[in-house]
Amino acid sequence: GVYSFEDSPFIMEILTELRDENTGPIAFRKGLVKLGRYMAYEITKTMETERIKIKTPLEETDGILIADRRNVVIITVLRAAIPLMEGLIKVLDHARVGIVSASRGKAPKFEIEMKYVKVPQITEKDTVIIADPMIATGSTLIKVLDEVKKYGKAKRYVIVGVLAAPEGISRIKEAHPDVEMFVAAIDRELNEKGYILPGLGDAGDRAFG
Ligand code: U5P
Numbered sequence: 004g005v006y007s008f009e010d011s012p013f014i015m016e017i018l019t020e021l022r023d024e025n026t027g028p029i030a031f032r033k034g035l036v037k038l039g040r041y042m043a044y045e046i047t048k049t050m051e052t053e054r055i056k057i058k059t060p061l062e063e064t065d066g067i068l069i070a071d072r073r074n075v076v077i078i079t080v081l082r083a084a085i086p087l088m089e090g091l092i093k094v095l096d097h098a099r100v101g102i103v104s105a106s107r108g109k110a111p112k113f114e115i116e117m118k119y120v121k122v123p124q125i126t127e128k129d130t131v132i133i134a135d136p137m138i139a140t141g142s143t144l145i146k147v148l149d150e151v152k153k154y155g156k157a158k159r160y161v162i163v164g165v166l167a168a169p170e171g172i173s174r175i176k177e178a179h180p181d182v183e184m185f186v187a188a189i190d191r192e193l194n195e196k197g198y199i200l201p202g203l204g205d206a207g208d209r210a211f212g
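The number in the working numbering is simply the position in the sequence shown, starting from 1, with 3 added.
Given below as C-alpha cells:
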C-alpha cells in the first residue's frame, strides 16, 4: 500500500515549510525531524499490538504493547535522511539502524553508486523502515532494497519519505511488490533532470547547504 497524508493539516503545514525556497537549512532540518516523528507515529497505527495486564498503584487494569515497535530496523540513506531518521527514532526508540550511501548519476540512466553499506542482521520479526526524503525515479530505493534484502527476510518493508513522484512509486512497486510506502504527499511529475515537481529541490542541499 501507498499512504500519503494530504488530509493531515499538521503534516501539510510542515511540508509547506519544507517546500518554501525561503526556508533555510536550520528550519529545513527541523522540519524533517518533525515529519519523521509524525510519520513514525502514523506507522505505529499499522503495527500489531498485544494486550497486557498491569497494576496501577490502585488496581489491576489492561494495557497494550506495540510488539512490532520493539523490532524495527531503520535504514538511513545518506545524506538527506539523517534528520528524518532522527525524527523516526523519537517514536521508534528501540530501532537498530543501518546506514547506506547512494548517489545518483546523470540522466537518462540515473545509475546508482553505493559506496558504503552497513546493515544489521534482519529477522522475520523485523519491520524494516527505509528513510529517504525524495522518491524520484525510484532507482535509489530499488537499489537499497536489493541490498538490504541480502541481510535477511523481514516481516515488513516500509519506505518513509517526504515526497514521491508517480514514476518512482510504480517502478518500486514493480521491482519490490512487498514494499509499503509512507509519504507526506505525492507530487505531479519529474523533470528531465529527475527532480520532483513542484517538489522542494535537492533535499540534501536544502538540509546541509
Ligand atoms: N532527490 C532530491 N530531490 C528531488 C529528486 C531527488 O533531493 O527532487 C534526491 C533524493 O535525496 C534521493 C535521490 O536520495 O535524489 C532519489 O532519487 P531517485 O533515485 O529516486 O531518482
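In this text, a Cβ means the ideal position worked out from N, Cα and C, and glycines have one as well.
Relative to the non-hydrogen atoms of the ligand U5P, the Cβ of Val186 never comes closer than 7 Å to any of them. In this chain, the beta strand (DSSP E) harbouring Thr79 covers 75-81.
Relative to the ligand U5P, Phe113 has its C-beta within less than 7 Å of a heavy atom. Residue environment for Pro86: buried (at least 16 other C-beta atoms within 10 angstroms of its C-beta). Between Ile14 and Tyr41 a beta carbon distance of about 6 Å is seen, short of the 8 Å cut, so the two are scored as contacting. Leu68 has Glu53 as its beta-bridge partners, per DSSP. Linking Gly155 to Pro60 through their CA atoms gives a straight-line distance of about 43 Å. Shown here, Val151 sits in a helix according to DSSP, grouped into three states.
Per DSSP, Leu203 lies in no alpha helix (DSSP H) and is assigned neither H nor E.
Inter-residue distance for Gly4 and Thr64 is about 35 Å (C-alpha atoms, whole angstroms).
Between Ala30 and Thr52, the CB-CB gap reaches or exceeds 8 Å.
At least one heavy atom of the ligand U5P falls within 7 Å of the beta-carbon of Met137. Taking a cut-off of 8 Å on C-beta distances, the segment 20-35 does not touch the segment 92-99, as fewer than three cross pairs fall below it. Not one heavy atom of the ligand U5P falls within 7 Å of the beta-carbon of Tyr160.
With fewer than 16 other CB atoms across the displayed protein chains lying within 10 angstroms of its CB, Thr19 is exposed.
Apart from the 5 residues on each side of it in sequence, Lys118 sits with its Cβ closer than 7 Å to the Cβ of Ser104 in its chain, given in chain order. By the Cβ-count criterion, Arg209 is buried, with 16 or more other Cβ atoms from all chains shown falling within 10 Å of its own Cβ. When distances are taken from the beta-carbon of Asp10 to the heavy atoms of the ligand U5P, even the shortest one reaches 7 Å or more.
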